[in-house]
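Student: Residue numbers (the working numbering): 105 to 438.
What follows is a single structure, and I will ask about it in a moment.
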């Protein structure tokens, strides 16, 4: 019997505040460029007071949220497991998430006391994105956020790697994986960011356990996790962590392993202005494809086109009309 959801995502719920800054801003505020850095509320407030909000945008975000919204825009049915607080940021998050067609464990009646997490995404002229994240209440993500019925009724569980930084969230990741495996739901994980692999490799390995069905990572993350100094060596070593995987290679496209053979995915040339969200949308488009009768090659082509499109504009995701246009361009030509 067909399952209700194509993708059940679990991850941090963060209001993304996307803004443009210059190199001087990065240097003046001693920000580690190109990484996601966890900060406390005081530090984030300091930075938010320094940015130009007239050049900023807000969306419900977090890595896995961007992925499930991306999948939904192509036509996937998605559920998102997350945690926000009963404050103005939490109300914004829930409203924006449901407006994007995502079912969720959240309701206005079940929002908890605390502060909703926020991610300040700073983009520089070289298209590099730097994130300073205050987790807020999502730091307390736990098994309480798992909707077991929705998870059982999903084709794929998609886990955000950023959750490994919290002990309670990591236990939730492991529990969700066990529920999925018991109920015929495929398991997928994204490493999320090189810093997650660099500083939390042991915890990430604990989540992976005997292996994932599908893994998403970029070139740097693949080599950091496997300890290899070339992508060719890392490709072979990753087979120990996942039955199938996708490695994004920036402007060189991507390489997929479908469990039997490697598939090279070409990049779509574009002028990058903001790399934020590229990997998230790649995963979203790819998950839509493989849960809607596409081959790995076709799903990879869609994912490559979608990610190249999102980096050509500011912000971590596309509009639904843009996603539909991409699909039509690739697969509905006469």
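A virtual CB, placed ideally from N, CA and C, is assigned to each residue, including glycine.
#1: Please name the residue in 344, 258, 372 and 196 whose C-alpha comes closest to that of residue 182.
#2: Taking C-alpha atoms, which residue in 284, 376, 351 and 233 lies nearest to residue 135?
#3: Hey, how far is the Cα of residue 205 from the Cα of residue 302?
#4: Could you tell me whether the stretch 269 to 276 touches the stretch 234 to 254, using the rule of 3 or more Cβ pairs below 8 Å?
#5: Enumerate in chain order the residues of its own chain whose CB-to-CB distance from residue 238 is below 7 Å, with the five nearest sequence positions on each side excluded.
#6: Which class does residue 197 belong to by DSSP, given the choice of helix, strand or coil?
#7: Just the C-alpha distance for residue 322 and residue 369, rounded to the nearest angstrom, thanks.
#8: Under the rule that 16 or more other beta-carbon atoms within 10 Å means buried, what is residue 438, buried or exposed?
#9: For residue 296, I'd like the list of residues in its chain whose CB is within less than 7 Å of its CB, leaving aside the five on either flank, ordered along the chain.
#10: Work out the CA separation of residue 372 and residue 404 for me, nearest whole Å.
#11: Does the Cβ of residue 436 have 16 or more other Cβ atoms within 10 Å, making it buried, or fewer, making it exposed?
#12: I'd like to know if the stretch 198 to 218 and the stretch 343 to 351 are in contact, where contact means that at least 3 CB-CB pairs between them fall below 8 Å.
#13: Just the C-alpha distance for residue 384 and residue 415, rounded to the nearest angstrom, thanks.
#14: To the nearest angstrom, how far is it from the Cα of residue 361 to the Cα of residue 285?
#15: Does any heavy atom of the ligand ZN sit closer than 6 Å to the C-beta of residue 324?
#16: So who's on the other strand from residue 316, going by DSSP bridges?
#17: Per DSSP, residue 118 is paired with what?
#18: Among 283, 227, 230 and 219, which residue has its Cα nearest to the Cα of residue 240?
#19: Under 8 Å, with one C-beta from each stretch per pair, do the stretch 114 to 123 and the stretch 155 to 171 reach the 3-pair mark?
#20: Quick one: Cα of residue 317 to Cα of residue 353, how far?
#21: Ordered along the chain, which non-local residues of its own chain (more than five positions away) have a Cβ less than 7 Å from that of residue 107?
#22: Hey, could you find the ends of the alpha helix (DSSP H) residue 255 is sitting in?
#23: Just reading off the beta strand (DSSP E) that residue 185 is part of, what are its end residues?
#24: Please check the pair residue 291 and residue 305, which I expect to be a contact at CB under 8 Å, by giving their CB distance rounded to whole angstroms.
Tutor: On the basis of the supplied data:
#1: In this structure, 258 is the residue among 344, 258, 372 and 196 with its C-alpha nearest to the C-alpha of residue 182.
#2: That would be 233, whose Cα lies nearest to the Cα of residue 135.
#3: Taking the straight line from one Cα to the other gives about 34 Å.
#4: Result yes; three or more Cβ-Cβ pairs closer than 8 Å.
#5: Counting only Cβ-Cβ distances below 7 Å, and skipping sequence neighbours, we find 143, 144, 145, 148, 221 and 222.
#6: When DSSP states are grouped into helix, strand and coil, residue 197 belongs to the helix group.
#7: Spanning the two alpha carbons is a distance of roughly 13 Å.
#8: Legend: pLDDT at residue 438 = 40, less than 50; position of this residue unreliable, value from coordinates given subsequently. Only exposed fits residue 438, as fewer than 16 other CB atoms lie within 10 angstroms of its CB.
#9: Excluding positions up to five away in sequence, the list reads 167, 264, 265 and 266.
#10: Cα to Cα, the separation comes out at about 12 Å.
#11: Under this definition residue 436 is an exposed residue.
#12: Segments in contact, no.
#13: Separation of residue 384 and residue 415 (C-alpha to C-alpha, rounded to the nearest whole angstrom) is 11 Å.
#14: In a straight line, the C-alpha of residue 361 is about 21 Å away from that of residue 285.
#15: This structure simply doesn't include the ligand ZN, nor any ligand for that matter.
#16: Answer is 346, bridged to residue 316.
#17: Within the DSSP secondary-structure output, residue 118 pairs in a beta bridge with 165 and 221.
#18: Of 283, 227, 230 and 219, the residue nearest in Cα terms is 219.
#19: The stretch 114 to 123 vs the stretch 155 to 171: in contact.
#20: Here the C-alpha atom of residue 317 lies approximately 21 Å from the C-alpha atom of residue 353.
#21: 257, 258 and 259.
#22: That run of the alpha helix (DSSP H) goes 252 to 256.
#23: Element bounds for residue 185: 182 to 185.
#24: No, residue 291 and residue 305 are not in contact; Cβ-Cβ is about 19 Å, not under 8 Å.
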